[in-house]
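Visitor:
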Amino acid sequence: MKLYSLSIIYKGSNKSNLLKAAYDLSSFSFFQRSSIQEFMTFTSALIVERTSQGSRASVKEQEYLCHVYVRNDNLGAVVIADTEYPQRVCFTLLEKVLEEFSRTVDSIDWPSGNPGTITYAALDSHLSKYQNPREADAMTKVQAELDETKIILHNTMESLLDRGEKLDDLVAKSEHLGNQSKAFYKTARKQNSCCEIM
Amino acid sequence: MAESEEEVHVLVQRVVKDITNAFKRNPNIDEIGVIPCPEARYNRSPIVLVENKLGVESWCIKFLLPYVHNKLLLYRQRKHWLDRGALVDITCTLLLLNPDFTTAWNVSGSCPSKLNFRKELLQCGVLYPEKDLYLGKLALTKFPKSPETWIHRRWVLQQILHQFSAVGHSRKQPQGEAAQADSERSQQVSDHLSRTLQQEIKVCSDAACHYSSNYNAWSHRIWVLQHMAKGNVKVFHDELSSMRLWVSMHVSDHSGFHYRQFLLKELITELYQTPPSTTTTCSSQHQSTTVPSISLHHQSHNQANRELSEAEAAGEEERQLSFTTIFQLFHQEMELCSDLIQAFPGHETLWSHRRHVFYLWHQWRREHQNHCSSNGGNDLGHLMYQDPDLLKDSTQSCTGQDEIANGQKHASELMEVDRVSFPDQRDNKRLKRGVPLPDPPTLSSEHSFVGDIIDRCSNPEQRHFALAYKKWLDTVIGQQP
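Those sequence lines, one after another, are chains A and B. Position one of the first sequence corresponds to residue 2 (the working numbering), numbered consecutively onward. Position one of the second sequence corresponds to residue 3 (the working numbering), numbered consecutively onward.
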């Protein structure tokens, strides 16, 4: 039961803008971590771009589940978890983090900010605390049955894309991925097993 | 760009040397991995050492692996010579890249003369077994499932265990100083064994974290306990308790829960032996209670009788303690299961675990209720008594609820009272167990639990699993008297 990344992203009119992110990659092999981090950033940004204002969704990709909430003011957050981690707790976390972030950081900084310029330090400790969902959120068990919020479910990343759009192209163009990661992605796709090679 | 054979040869020589040097420079390397790197950088070694992590750039693997593989096969076919040092380095390299290369490890089954390399090197004393355990541990950081690595690991551990037992049987009746030296040595061996055991558990645990439902890692863990902690109730208890958090954080890891089922079975077997006959002392597996040995030659008949009944009483007490412990184990396991099922709806593994545990309890209770009821005033017999629900039609389970609850409560109270009047007042510590026992799991309580879940859950998978469990209760348990 694990959370891998937690990101706050602004949904701009053309593209999304990463404001702040926290990662826990300790369960990955040491030498993969920087590539994995880049892919998580890439995925999170893409998901926010393709999620409508004021909606929540969960996107499945291999053995990961990416949960996203984009508020009506275009401030969004994505948490990437494994398939065991309870979905409800993820959305509680996203809501909480967005609420706190919007109180701390002025909205004027959202469209153009980046992790270097944004001052919000709590993300790492939230990610760490929520690694154990019950310690972090004792009320979830009670709320689980009451909450009727609608969450859209996507079974693959591809289902977020427009007709004719290819994930490979988006990877190649992405500014979140370094050359090594892009090359690695190409090899893995050829072998049709992204994580096998690792 | 095609590499010429000569270039490959030079490259591989260099890489093998770099790997060997990396281990020399840093004996604390604790992880190996592949660095995603599609192209070689000019004149730079593909071997990277960062902190305690050894990385191999991915571009060179396609050259390295077939070359090294080939070299070993040629050596085996006696077409190519490798000196001892080279053999050690090459097998080491190969195992880090591809541990499922049987030839390199050497799987047991065939006679030793046919098998190669690591085993031979070990048997010749060129390598220490610990080196292979270390190498295996590293290989597992990258290939946590690797069957050959686990198999070889068990072979190496067996070598180590043989060495230990050889030490133990060195002398028959040591006297004086020799006795002291012997007992020191056997203490050292015991410490070493304990350390090795803990190390193995850590290796299994890391591998289980790196790959979910890692059957090979958990099987190894079971093997280790069976061979290195036989009859050691404390180790089993510790494992059961230390695994609670882990399984709570890996609720769909089937192998982790299966391990708990194994631990429960072992504990039940160790804690509860067949009832001792009246002329012998308690089973030697239990914690020692000082029961005087029965020697009819030197005692008067009366004294012998008294000692007999003391032994019987002590045996009976042991059994009660075992019952209590076993009962508590089951209760705690069912509680853990209920807790996780409610907190994390929709995981089949949890329901499957519940089936296993409840079935185990149910079977054990049935097997031992005869013994209990034949033992006159044994109050635990009330707890062990047939599940009251199974005496009537199972469809009446709900209405019988209150009656049963009272009956069970009554049983607990009985236990409290009777314990005080227990004839053997020798050792009050053993008698005092102030905590009243909770209600045992019964068919009725299970139906009540499952009914509650069905009524309240909104998760469709949870509902599906709950219904299946209810059906199982009816068809499997309900039919057995």
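Note that beta-carbon positions come from the ideal geometry of N, C-alpha and C, so glycine has one too.
Does the beta-carbon distance from Ile34 of chain B to Leu98 of chain B come in below 9 angstroms?
Guide: In contact: Ile34 of chain B and Leu98 of chain B (Cβ atoms closer than 9 angstroms).
Visitor: Short of 6 angstroms in beta carbon distance, which residues of its chain neighbour Thr105 of chain A, apart from the five on each side in sequence? Order them along the chain.
Guide: Tyr121.
Visitor: Is it right to say Ala219 of chain B is buried, meaning 16 or more other beta carbons lie within 10 angstroms of its own, or is it exposed?
Guide: So Ala219 of chain B counts as buried.
Visitor: Pair every Cβ in the stretch 88–98 of chain A with every Cβ in the stretch 127–140 of chain A, then say whether three or more of these pairs are closer than 8 angstroms.
Guide: In short, these stretches touch, since the Cβ pair count reaches three.
Visitor: What distance in whole Å lies between the Cβ atoms of Leu26 of chain A and Arg34 of chain A, which are believed to be in contact at a cut-off of 8 angstroms?
Guide: Indeed they touch by this definition, with Cβ atoms about 4 angstroms apart.
Visitor: Less than 9 angstroms separating the beta-carbons of Val14 of chain B and Leu66 of chain B?
Guide: Their beta carbons are under 9 angstroms apart, which means Val14 of chain B touches Leu66 of chain B by this criterion.
Visitor: Buried or exposed: where does Ala22 of chain A fall if 16 or more other Cβ atoms within 10 Å of its Cβ makes it buried?
Guide: Classification for Ala22 of chain A: buried.
Visitor: Taking Pro116 of chain A as the reference, which of A:Gly13, A:Met2, A:Asn18 and A:Tyr5 has the closest Cα?
Guide: Per the Cα distances, A:Asn18.
Visitor: Helix or strand or just coil, what does DSSP make of Phe26 of chain A?
Guide: One detail in the question is off: residue 26 of chain A reads as Leu in this sequence, not Phe. Correct three-state label for Leu26 of chain A: coil.
Visitor: What residues from the stretch 228–256 of chain B come within 7 angstroms of chain A, judged by C-beta to C-beta, listed N to C?
Guide: Residues Met251, His252, Val253 and Ser254.
Visitor: Compute the beta-carbon to beta-carbon distance between Ile21 of chain B and Thr143 of chain B, rounded to the nearest angstrom, for a pair I have assumed lies under 8 angstroms.
Guide: Incorrect: roughly 15 angstroms between the Cβ atoms, too far for contact.
Visitor: Is Val79 of chain A closer than 9 angstroms to Thr118 of chain A when the C-beta atoms are compared?
Guide: In this structure, Val79 of chain A does not lie closer than 9 angstroms to Thr118 of chain A by Cβ.
Visitor: Identify the contact partners of Ala184 of chain A in chain B, using a Cβ-Cβ distance below 7 angstroms as the criterion.
Guide: Within 7 angstroms Cβ-Cβ: Pro40.
Visitor: Using 9 angstroms as the threshold, is the C-beta distance between Lys139 of chain B and Asp91 of chain B below it?
Guide: In this structure, Asp91 of chain B does not lie closer than 9 angstroms to Lys139 of chain B by Cβ.
Visitor: Who does Asp83 of chain A pair with in a DSSP beta bridge?
Guide: Answer is A:Tyr65.
Visitor: Round the Cβ separation of Phe32 of chain A and Ile37 of chain B to the nearest angstrom and send it over; I've been treating them as touching at under 8 angstroms.
Guide: At roughly 4 angstroms, the Cβ-Cβ gap stays under 8 angstroms, so Phe32 of chain A and Ile37 of chain B are in contact.
Visitor: Could you check which residue in B:Gln200, B:Gly233, B:Leu163 and B:Cys206 has the C-alpha nearest to that of Tyr261 of chain B?
Guide: Per the Cα distances, B:Cys206.
Visitor: Can you pull the chain B residues whose beta carbon is under 7 angstroms from the beta carbon of Ser59 of chain A, in chain order?
Guide: Those within 7 angstroms of Ser59 of chain A in chain B number zero; the least Cβ separation is about 14 angstroms.
Visitor: Excluding the five sequence neighbours on either side, which residues of its own chain have a C-beta within less than 6 angstroms of the C-beta of Met2 of chain A, listed in chain order?
Guide: Closer than 6 angstroms at the Cβ level, and outside the excluded window around Met2 of chain A, lie Glu85 and Tyr86.
Visitor: Starting from the beta carbon of Gln33 of chain A, find every residue of chain B whose beta carbon is closer than 9 angstroms, and list them in chain order.
Guide: Within chain B, the residues near Gln33 of chain A are Gly35, Val36, Ile37 and Pro38.
Visitor: Looking at chain A, which residues of the stretch 142–164 of chain B have a Cβ within less than 8 angstroms of any of its Cβ atoms?
Guide: Listed in sequence order: Thr143 and Lys144.
Visitor: Where does Glu448 of chain B sit, in a helix, a strand or coil, going by DSSP?
Guide: DSSP places Glu448 of chain B in helix when its eight states are reduced to three.
Visitor: If you reduce the DSSP assignment to three classes, tell me which class Glu9 of chain B lands in.
Guide: Reduced to three states, the DSSP call for Glu9 of chain B is helix.
Visitor: Hey, could you find the ends of the alpha helix (DSSP H) Ser185 of chain B is sitting in?
Guide: Counting along the chain, the alpha helix (DSSP H) containing Ser185 of chain B begins and ends at Gly178 to His212.
Visitor: Are the CB atoms of Pro48 of chain B and Val58 of chain B nearer to each other than 9 angstroms?
Guide: It is a contact, given that the beta carbons lie within the stated cut-off.
Visitor: Using CA atoms only, rank isn't needed, just tell me which of A:Val49, A:Gln38 and A:Phe29 is closest to Asp74 of chain A.
Guide: Out of A:Val49, A:Gln38 and A:Phe29, A:Val49 has the C-alpha closest to the C-alpha of Asp74 of chain A.
Visitor: Can you list, in chain order, the residues of its chain whose CB lies under 6 angstroms from that of Met230 of chain B, leaving out five sequence neighbours each side?
Guide: Cβ neighbours of Met230 of chain B beyond the five flanking positions: Leu199.
Visitor: In chain B, which residues lie less than 7 angstroms from Pro87 of chain A when you measure between Cβ atoms?
Guide: Those within 7 angstroms of Pro87 of chain A in chain B are Phe346.
Visitor: To which residues of the same chain is Glu272 of chain B closer than 8 angstroms at the C-beta, ignoring the five residues directly before and after it?
Guide: Gly233, Val235, Phe238 and Gln287, listed in sequence order.
Visitor: For the beta strand (DSSP E) that contains Tyr130 of chain B, what are its first and last residues?
Guide: Run containing Tyr130 of chain B: none; DSSP gives neither H nor E here.
Visitor: Could you check which residue in B:His364, B:Glu369, B:Leu247 and B:Leu242 has the C-alpha nearest to that of Gly480 of chain B?
Guide: The candidate whose alpha carbon is nearest that of Gly480 of chain B is B:His364.
Visitor: What number of angstroms, rounded off, separates the C-alpha of Leu51 of chain B from the C-alpha of Ser60 of chain B?
Guide: Using only the alpha carbons, I get a separation of about 14 angstroms.
Visitor: Shorter than 9 angstroms from the beta carbon of His212 of chain B to some beta carbon of chain A?
Guide: Judged by the 9 angstroms Cβ criterion, His212 of chain B is in contact with chain A.
Visitor: I'd like to know whether the C-beta atoms of Leu323 of chain B and Val253 of chain B end up nearer to each other than 9 angstroms.
Guide: The answer is no: Cβ separation not under 9 angstroms.
Visitor: Provide the residue span of the alpha helix (DSSP H) that contains Glu176 of chain A, from first to last.
Guide: Counting along the chain, Glu176 of chain A falls outside any alpha helix (DSSP H), and DSSP gives it neither H nor E.
Visitor: Taking just the CA atoms, how far does Ser103 of chain A sit from Glu150 of chain B?
Guide: Their Cα atoms are separated by approximately 54 angstroms.
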